[in-house]
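In our numbering, the protein residues as written are 1392 to 1632.
C-beta: ideal position from N, C-alpha, C; glycine also.
Contents: one structure, followed by commentary.
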Amino acid sequence: MSGRLIGVGTGPGDPDLLTVKAVKAIQSADVLAWFAKEGRRGNGRGIVDGIVRDGTIELPLYYPVTTEIHRQKPEYVHQVTSFYEASTEVIATHLDAGRNVAVLSEGDPLFYGSYMHLHVRLADRYAAEVIPGVTAMSGCWSQANLPIVQGDDILSVLPGTLDEDQLVRRLRDTEAAVIMKVGRNLPKIRRALAEAGRINDAFYVERGTMANTAMTPLAAKSDDEAPYFSIVLVPGWKTKP
């Protein structure tokens, strides 16, 4: 019989936010796969330190590129597509051998997660399960004690990679927003928030729930440096007491 594919959400960073189901899946898997930049372990793998059982086969999946090439360039698309196809076949080899493969994904596997690119290539060929995880955005607004939406408020989740005019338009057309993929896009995000009249509402959180986290109102942040794991929150609920 073929093995089982399991996409495991590891949550935003704090190991205590792993679900019981995720821990059970990790500890029972024959193969543990995880994404990382070449030469690194990856945040998802770091979160589960201490719960991986001895004898588990570890399968690092190293991205060929990250931000070195613009995501819309044909070379980037070709390299990343080839990477996911090659990763799919490596995992399929283990599944064909009857091994259960757990693939780690920061946050939730089906919310901006790399795992989904494997899932759509494998789930019609093998038994597959997805274990949801606490998202980065909920981890960040909980850490910041920041109510986001209530009543009829609309929440928009925006990638910071959008063009500036698109960010402005969407920020004007929503009560609350979560801006992800911040990193080097922070200067553009700051300009878009100012143009939309929302800069004083915005709250910046980096490495949410992790040991080295930091947070501040965005208007009070003195520089435009931001790590990959950073989020800008724009709360709704204008009538709060």
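In the three-state DSSP reduction, A1519 falls in the strand class (E or B).
The DSSP-derived three-state label of A1413 is helix. Here W1628 carries a coil assignment [DSSP, helix/strand/coil]. When DSSP states are grouped into helix, strand and coil, I1448 belongs to the strand group. CA-to-CA, the gap between V1494 and P1632 works out to about 44 Å. Bounds of the beta strand (DSSP E) holding E1597 are F1594 to E1597. The beta carbon of L1509 lies closer than 7 Å to those of Y1475, S1478, T1479, I1482 and V1494 in the same chain, with the five residues before and after it left out.
Under the criterion of beta carbons closer than 8 Å, G1400 and I1539 do not qualify as touching, at roughly 20 Å.
N1576 and M1528 have their alpha carbons spaced roughly 17 Å apart. Annotation: the segment 1559 to 1606 contains the following complete segments of the alpha helix (DSSP H) (minimum length 4 residues), in chain order: 1577 to 1586. In this structure, the straight-line span from the alpha carbon of Q1470 to that of F1620 is close to 23 Å.
Spatial neighbours of K1579 in its own chain (CB-CB distance under 8 Å, excluding positions within 5 residues in sequence) are listed in chain order as G1551, E1555 and L1558.
Check the Cα spacing between I1417 and each of I1570, R1516, I1438 and G1404: the tightest is with I1438.
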